[in-house]
Structure formats: structure tokens, C-alpha cells
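Asks:
Number of protein chains: 4
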Amino acid sequence: MTDALRPSLVSGADFERIVRESIPLSDAFPWTVASVSFGRCVLHMDFDARHTRAGGTVSGPALMTLADTAMYLVTLSVVGPEPLAVTSDLSIRFLRRPAPARVLAEARVLRAGRRLVVCEVALYSEGVEEPIAHVTGAYALPTKP
Amino acid sequence: MTDALRPSLVSGADFERIVRESIPLSDAFPWTVASVSFGRCVLHMDFDARHTRAGGTVSGPALMTLADTAMYLVTLSVVGPEPLAVTSDLSIRFLRRPAPARVLAEARVLRAGRRLVVCEVALYSEGVEEPIAHVTGAYALPTKP
Amino acid sequence: MTDALRPSLVSGADFERIVRESIPLSDAFPWTVASVSFGRCVLHMDFDARHTRAGGTVSGPALMTLADTAMYLVTLSVVGPEPLAVTSDLSIRFLRRPAPARVLAEARVLRAGRRLVVCEVALYSEGVEEPIAHVTGAYALPTKP
Amino acid sequence: MTDALRPSLVSGADFERIVRESIPLSDAFPWTVASVSFGRCVLHMDFDARHTRAGGTVSGPALMTLADTAMYLVTLSVVGPEPLAVTSDLSIRFLRRPAPARVLAEARVLRAGRRLVVCEVALYSEGVEEPIAHVTGAYALPTKP
Chain F
1 MTDALRPSLV
11 SGADFERIVR
21 ESIPLSDAFP
31 WTVASVSFGR
41 CVLHMDFDAR
51 HTRAGGTVSG
61 PALMTLADTA
71 MYLVTLSVVG
81 PEPLAVTSDL
91 SIRFLRRPAP
101 ARVLAEARVL
111 RAGRRLVVCE
121 VALYSEGVEE
131 PIAHVTGAYA
141 LPTKP
Chain C
1001 MTDALRPSLV
1011 SGADFERIVR
1021 ESIPLSDAFP
1031 WTVASVSFGR
1041 CVLHMDFDAR
1051 HTRAGGTVSG
1061 PALMTLADTA
1071 MYLVTLSVVG
1081 PEPLAVTSDL
1091 SIRFLRRPAP
1101 ARVLAEARVL
1111 RAGRRLVVCE
1121 VALYSEGVEE
1131 PIAHVTGAYA
1141 LPTKP
Chain X
2001 MTDALRPSLV
2011 SGADFERIVR
2021 ESIPLSDAFP
2031 WTVASVSFGR
2041 CVLHMDFDAR
2051 HTRAGGTVSG
2061 PALMTLADTA
2071 MYLVTLSVVG
2081 PEPLAVTSDL
2091 SIRFLRRPAP
2101 ARVLAEARVL
2111 RAGRRLVVCE
2121 VALYSEGVEE
2131 PIAHVTGAYA
2141 LPTKP
Chain G
3001 MTDALRPSLV
3011 SGADFERIVR
3021 ESIPLSDAFP
3031 WTVASVSFGR
3041 CVLHMDFDAR
3051 HTRAGGTVSG
3061 PALMTLADTA
3071 MYLVTLSVVG
3081 PEPLAVTSDL
3091 SIRFLRRPAP
3101 ARVLAEARVL
3111 RAGRRLVVCE
3121 VALYSEGVEE
3131 PIAHVTGAYA
3141 LPTKP
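Residue numbers (the working numbering), protein chains in the order written: chain F, 1 to 145; chain C, 1001 to 1145; chain X, 2001 to 2145; chain G, 3001 to 3145.
#1: My guess is that G2137/X and T2087/X are in contact by the Cβ rule of under 8 Å, so how many angstroms apart are they, rounded?
#2: For R50/F and L3095/G, which I take to be in contact (beta-carbon distance under 8 Å), what is that distance rounded to the nearest angstrom?
#3: At the level of alpha carbons, what is the spacing between E82/F and D14/F?
#4: Give a yes or no on contact between the stretch 2011 to 2028 of chain X and the stretch 1119 to 1135 of chain C, applying the rule of three or more CB pairs nearer than 8 Å.
#5: Would P1030/C count as contacting chain X if we go by Cβ distances under 8 Å?
#6: So the candidates are L2104/X, M2071/X and V2019/X; which of them puts its Cα closest to the Cα of P2131/X?
#7: For the stretch 1106 to 1119 of chain C, which residues have a beta carbon sitting closer than 7 Å to at least one beta carbon of chain G?
#8: If you drop the 5 nearest sequence neighbours on each side, which residues of the same chain put their C-beta closer than 8 Å to that of V36/F?
#9: Listed from N- to C-terminal order along the chain, which residues in the stretch 3056 to 3071 of chain G have their beta-carbon within a distance smaller than 9 Å of any beta-carbon of chain F?
#10: Tell me I1092/C's beta-bridge partners as DSSP assigns them.
#11: Can you give, in chain order, each stretch of the alpha helix (DSSP H) that sits fully within the stretch 2007 to 2059 of chain X and has at least 4 residues?
#12: Is it buried or exposed for R2093/X, if we count other Cβ within 10 angstroms and need 16 for buried?
#13: Can you tell me which residues form a DSSP beta bridge with L3123/G?
#14: Does DSSP classify L3116/G as helix, strand or coil?
#15: Under a CB-based cut-off of 8 Å, is L2141/X close to chain C?
#16: Taking the alpha-carbon positions, what's the T2065/X to G2113/X distance?
#17: Relative to the C-alpha of A2034/X, which candidate in S2022/X, A2107/X and V2058/X has its C-alpha closest?
#18: Rounding to the nearest angstrom, what Cα-Cα distance links V1079/C and L3025/G in this structure?
#19: Note down, in chain order, each residue of its chain lying with its Cβ closer than 8 Å to the Cβ of R102/F, except the 5 sequence neighbours on either side.
#20: Between R20/F and the rest of its own chain, which residues show a CB-CB distance below 8 Å, the 5 nearest in sequence each way excluded?
#21: Could you check if G3056/G is buried or exposed, using at least 16 other CB atoms within 10 Å of its CB as the buried criterion?
#22: Please state if the CB of L63/F and the CB of A140/F are separated by a distance shorter than 8 Å.
#23: Taking its Cβ as the centre, do 16 or more other Cβ atoms sit within 10 Å of P3142/G, making it buried, or is it exposed?
#24: Using a Cβ-Cβ cut-off of 8 Å, state whether S2091/X counts as contacting chain F.
#25: Check whether the Cβ atoms of S1022/C and I23/F lie closer than 8 Å to each other.
#26: Step through the CB atoms of chain X and report whether any lies within less than 8 Å of the CB of T3087/G.
#27: Indicate whether S1091/C and V1128/C have their beta-carbon atoms separated by less than 8 Å.
#28: Between R3096/G and chain F, is there a C-beta pair that is closer than 8 Å?
#29: For A1067/C, which three-state DSSP category applies?
#30: Using a Cβ cut-off of 9 Å, pull out every chain F residue sitting near P3131/G, in sequence order please.
#31: Are the CB atoms of P3061/G and D2068/X within a distance shorter than 8 Å?
#32: Going straight from the alpha carbon of R17/F to that of L84/F, what length do you get?
#33: Under three-state DSSP, which class holds L5/F?
#34: Give me whichever residues DSSP pairs with A3140/G in a beta bridge.
#35: Express the C-alpha separation of V2109/X and P30/F in angstroms, rounding to a whole number.
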């Protein structure tokens, strides 16, 4: 199910278009799809002064937004373009203060069910080995008629 | 500890100023403090077309941002203005599709420790009785020397 | 949906029988159903020296077991006896050290969907006002053919 | 911090003794330490008919108990024997129905802070590649005087 050699059921370019068209505010989050395969993806989000928080770090909500976006892509990678997939739940745990640097989000599918796709995301500051945050969550799929 | 009759240790106006000055992107989230007392607060976030998602609902990240902001305020309400308080973790569970309407965030402190302030937030679409999302999480306080 | 005046779709006695018959180890957890209505219930678990942990408190796993049991009952209260309902996820946050005393679990349904019943549980040491733990989670229902 | 080549600060045998002596009910959970190094450990729990649930699977609370125990060991592996370390929070997500078989718990430390040790645990049915549950959580350490 998470075979990195199988291709994603949605392309990175299509995903970026879907999100940019459907969520206007996403323009404030300068992420791009670095890679995507079946059940795995990596997003990059450039550092942006608008997301700083006291002391020059990246704000928590900006990281949550990036993680949710990575969960969305990795979900679509196993179910195909499905605009009605929605976040069911998301749990984020902040581990280390983010550097004022690009953030990498590595996501994978833990389980793809018919109704829920359960995902895990690790967030990193570029160039730092230890993760800055760890996320688990699920996307709910619309019921098939 | 959560006595609604005790005054907050930070005013709503001071809190809005702290957040607006320290997080530039917060301007994209049109929330205001509706009320705050010791251990409890309510924020309102106006509906904004930038936060819509497929089908005219409020995006998940916008709700997470609002919930994190409410956790921050309710934390400061019991510890006073502390710019170095940071989110330790946040878990959000989406319960119902948000209406394209103002969102209300009702937060309360479940436990105020010396190191962690644990909070609960319920999110509502204005005019709808059942919550649209439920959040628990914690803010970490800086170590006192 | 959580109207405390509507009766539960399962009786407390039936629930105790279902659990006691289907989970042999449940005998080690001396809980009883104190009350149950549609979407709400209260369980009591007597203090038992087998569940103590260093220092005379109630062990975390005993509290998780009680919380999961309360989620199960409150789920059945809105869907009826359904032996195939299973825990989808459970998040517990410990707030205060439990007293070496009876534990009360107050559960309610946050949302009853066709596929998931989302619940919240507050745990108390008898006679102490502030909760010792806060739980959210969900039970998954079997797919109807 | 999670270097698998560094030795654990507590031995598996000492850990088993600590838990067995301090939590009487732990006798009902037939786990053993399969391996432990600094920041990583594996526990095995034999299948036991007392933990079955409707249909011959392992009950959720038994899996939560095992996961909490693995978090405790991996925490002590980086801080040494500390009987006052206690679970701060635990989130478990069930992914697949457990087989009626031995359960393996693989735990690792995501971050060892002075006050909180954040952990991740993956649970497997022996002989099955995909995990049956995924857990994150934290142990709180006592404040040093």
C-alpha cells in the first residue's frame, strides 16, 4: 500500500492546482510538492517572514497548515483526485523550535481504508536532522453511493 | 482555577496587540476577543472568502489557527502576558461541516501547571447549537530561572 | 442527539453483561454503570490495590481501560447493542494525580455519525472537583450492507 | 539521542522488575523486553485468552497497556531508573484488526527534554508486516530540585 515505487494517483502539479484554486489563503503558504509516490510525499515550504513568531521562528499554525496539506496530498496519492476528502482529525506535537528556514514535510499513509486514510507526517527544518514536529491524523473519504 | 468571576491576567486588547504585532500573517484571520476571564475565553472569527474550501465551508487550517489562538489567550489569562509560551501539542477533531458563517471558539483551561497549561476548545458556527470541532492541547511555559 | 432525557438504546445491565462475557480480563476492573441515557453515561470504578502504581495512585492503563469502556457504553447508548463496534482511536491526557479512591468516568457523545461515534470522557477521583484526566476518542461502527 | 548503539540507561531485567513490583495487575499482561537500547525498545506480549474481545482479537485496553509500558521503558532508557516518571498523555489509533497472536511493540524516543520525553510506538501482530496500531505520547519527568 505504501510502496514507494508505485506512482501516485494524483500528480504534484495537479495537487498544487487543486489546492491553489480551492483555498485562496493557501497563497500565503509558499509550499511546493518536492516528491509524491503512492502513499508517500514530501512538501517544502519556504521560510516567509509573515509566518514568524516571537523570536524568528515559524508559527505553529503555519506548521499545522503545512502538515494538513501534506496529509491531503498523501491521501489523494492513494485514492486519486477527490475534492471532497476532508480532514477528520489532526494531532500535532511540537518537538523542537523550528529554525528560521525552509520546512520539509514528509508524509506517509499508515492505513488506507475505504472510509478513512490514516497518515503520519514528520516536519523538519532544512539541514537539521531531528524533526521539529510530529503529526498523525486522518482524512475522511466521501461515501460511495 | 477556572473561576469565570476572576479577571483574566491579560486583557483582550493587549492580547490582540501581542498577536497582531508578533505574527504578521495573523492579519489574514479576522478574529476578535469576544470575552476573557480567568481560565475562559471566547473568540469570534468572521467568515472570510479567503478561508473557504471546496463547497463554501471554512478550511481546516483556518479552524486550527483559531483554536491555537484561543488556547494561547486562555493560557495567558491564567499566567499573564508571556510571549515565550508556545504550543506543545494540539489535537483537533472535526465534527460537522462548518457553515459559511462566523466561527465562535470557546476555550477553557483544564489544568494550569507550572510547566504546561492544558486547554480545551469547542468551535461553533454562529447560530448552530452543535459544535463543528473539538480541540484539546497544551501550551508550554518557559522555565523560571 | 445528546438529550439526557431520551433513554439509552442499551441498558446498563445489558452492557455490563456484554463486556463481562466478551472480555475475560474485564473482571480485573471493578467498574459498574452508575447511569446511562441517550448519549451520556457515568461509570464508577472502585479502588483496587491491583491497579496501584508507585506511590498509591491508580495506574494509567487502568484509567485508559475505564475511559475506553465508558466510550463503548456511550456509543452503544446511541446505536444500540452492537458487538462489532470497535475503538478507532483514543487520546488521554492526564491532568492530576489520581487519589487512591473510586474513579468516576463521565462520558458524552460529541457526534454520532453513521460510521464514527465521537466521544469525550472526563475522569474524576471521587470527592475531588477537578478532573484527573480528559479523554477524546471515537468508536467505529461496522458498515451496513 | 536515539542512537541504537548507545546502551540503555536501564536494563530490560531491571525494568521488568520495576513494573512487576510496582503494578500488581501487570501480571495479567504477559509481556517481556525483547530488546532495549538508548531511545529504542521492543516488547513482546504473548497472546492471552483473557485479553480477547468479540471475535478472537486482542482488546484495545490490552494494546494501550502494552504501548504505555513500552513508552515507559523507552523513557527510562534515556533517563535511567526513575520511578516517578508518569504518563502525561497517550494517543492511540487502531489501524487493523489484531490477529489472535503475539503482539510486538516497537518504541522510540522522538524527543527527550528535561521535563517531557516524547515517544512513538508501533504495534504489530507477529508475522504481519503492517502495523495494527500507532501510538504517540509523552512521559513527564519529576522536577529536579
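Glycine included, C-beta positions come from ideal geometry on N, C-alpha and C. Treat the numbers as computed from the prediction; the structure is a model and nothing was measured.
Replies: For this structure:
#1: Along the third sequence, one-based indexing puts residue 2137/X at 137. Along the third sequence, one-based indexing puts residue 2087/X at 87. 7 Å between Cβ atoms; contact.
#2: Indexing the first sequence from 1 puts residue 50/F at position 50. Indexing the fourth sequence from 1 puts residue 3095/G at position 95. Contact doesn't hold; Cβ gap of about 37 Å is too wide.
#3: Taking the first sequence and counting its residues from 1, one reaches residue 82/F at position 82. Taking the first sequence and counting its residues from 1, one reaches residue 14/F at position 14. Whole-angstrom Cα-Cα distance: 12 Å.
#4: no
#5: Reading the second sequence from its first residue, position 30 is the one you call residue 1030/C. No, its Cβ sits nowhere closer than 8 Å to a Cβ of chain X.
#6: Along the third sequence, one-based indexing puts residue 2131/X at 131. Residue L2104/X is the option with its Cα nearest to P2131/X.
#7: R1115
#8: For the purposes of this step, residue 36/F is identified with residue 36 of the first sequence, where counting begins at 1. S8, V10, S11, G12, F15, V42, L73, V74 and S77, listed in sequence order.
#9: none
#10: Taking the second sequence and counting its residues from 1, one reaches residue 1092/C at position 92. L90/F and V1135/C, per the DSSP bridge assignment.
#11: 2012 to 2022
#12: In the third sequence, counting from the first residue as 1, residue 2093/X sits at position 93. It is buried - the Cβ of R2093/X has at least 16 other Cβ atoms within 10 Å.
#13: The residue given as residue 3123/G occupies position 123 in the fourth sequence. L3123/G is bridged to A3105/G and A3133/G.
#14: For the purposes of this step, residue 3116/G is identified with residue 116 of the fourth sequence, where counting begins at 1. The answer is strand: DSSP assigns L3116/G an E or B state.
#15: In the third sequence, the residue the question calls residue 2141/X occupies position 141. No, its Cβ sits nowhere closer than 8 Å to a Cβ of chain C.
#16: Translated into the one-based positions of the third sequence, residue 2065/X becomes position 65. Translated into the one-based positions of the third sequence, residue 2113/X becomes position 113. Distance between the alpha carbons of T2065/X and G2113/X is about 24 Å.
#17: Indexing the third sequence from 1 puts residue 2034/X at position 34. Looking at the Cα atoms, A2107/X is the closest of the given residues.
#18: Here residue 1079/C refers to the residue found at position 79 of the second sequence. Here residue 3025/G refers to the residue found at position 25 of the fourth sequence. The straight-line gap from Cα to Cα measures roughly 39 Å.
#19: Indexing the first sequence from 1 puts residue 102/F at position 102. H44, M45, D46, F47, S125 and E126, listed in sequence order.
#20: As a working note, residue 20/F is residue 20 in the first sequence. Closer than 8 Å at the Cβ level, and outside the excluded window around R20/F, lie S26 and D27.
#21: For the purposes of this step, residue 3056/G is taken as residue 56 along the fourth sequence, with counting starting at 1. By the 10 Å Cβ count, G3056/G comes out exposed.
#22: Position 140 of the first sequence, counted from the first residue, corresponds to residue 140/F. Position 63 of the first sequence, counted from the first residue, corresponds to residue 63/F. Not closer than 8 Å, so no.
#23: Along the fourth sequence, read from residue 1 onward, the residue named residue 3142/G stands at position 142. With fewer than 16 Cβ atoms within 10 Å of its Cβ, P3142/G is classed as exposed.
#24: Taking the third sequence and counting its residues from 1, the one referred to as residue 2091/X is at position 91. Yes, its Cβ sits closer than 8 Å to a Cβ of chain F.
#25: Translated into positions along the second sequence, residue 1022/C becomes position 22. Translated into positions along the first sequence, residue 23/F becomes position 23. No, Cβ-Cβ distance for S1022/C and I23/F is not below 8 Å.
#26: As a first step, residue 3087/G is located in the fourth sequence; it is residue number 87 there, counting from the start. Interface residue, yes.
#27: Residue mapping note: residue 1091/C aligns to position 91 of the second sequence, counting from 1. Residue mapping note: residue 1128/C aligns to position 128 of the second sequence, counting from 1. No, the Cβ-Cβ distance between S1091/C and V1128/C is not below 8 Å.
#28: On the fourth sequence, position 96 is the one that residue 3096/G refers to. Chain F contact via Cβ: present.
#29: Mapped onto the second sequence, residue 1067/C falls at position 67. Assignment of A1067/C by DSSP, reduced to helix, strand and coil, places it in the helix class.
#30: Start at 1 with the first residue of the fourth sequence, and residue 3131/G comes out as number 131. What P3131/G touches in chain F: L110 and R111.
#31: Here residue 2068/X corresponds to residue number 68 of the third sequence, with the count starting at 1. Here residue 3061/G corresponds to residue number 61 of the fourth sequence, with the count starting at 1. Yes, the pair counts as a contact, with Cβ atoms nearer than the cut-off.
#32: Here residue 17/F corresponds to residue number 17 of the first sequence, with the count starting at 1. Here residue 84/F corresponds to residue number 84 of the first sequence, with the count starting at 1. The straight-line gap from Cα to Cα measures roughly 15 Å.
#33: Within the first sequence, residue 5/F is the residue found at index 5, counting from 1. Coil at L5/F, not helix or strand.
#34: On the fourth sequence, residue 3140/G is found 140 positions in, with the first residue counted as 1. Answer is V3086/G and L3116/G, bridged to A3140/G.
#35: By 1-based counting over the first sequence, the position of residue 30/F is 30. By 1-based counting over the third sequence, the position of residue 2109/X is 109. Using only the alpha carbons, I get a separation of about 39 Å.
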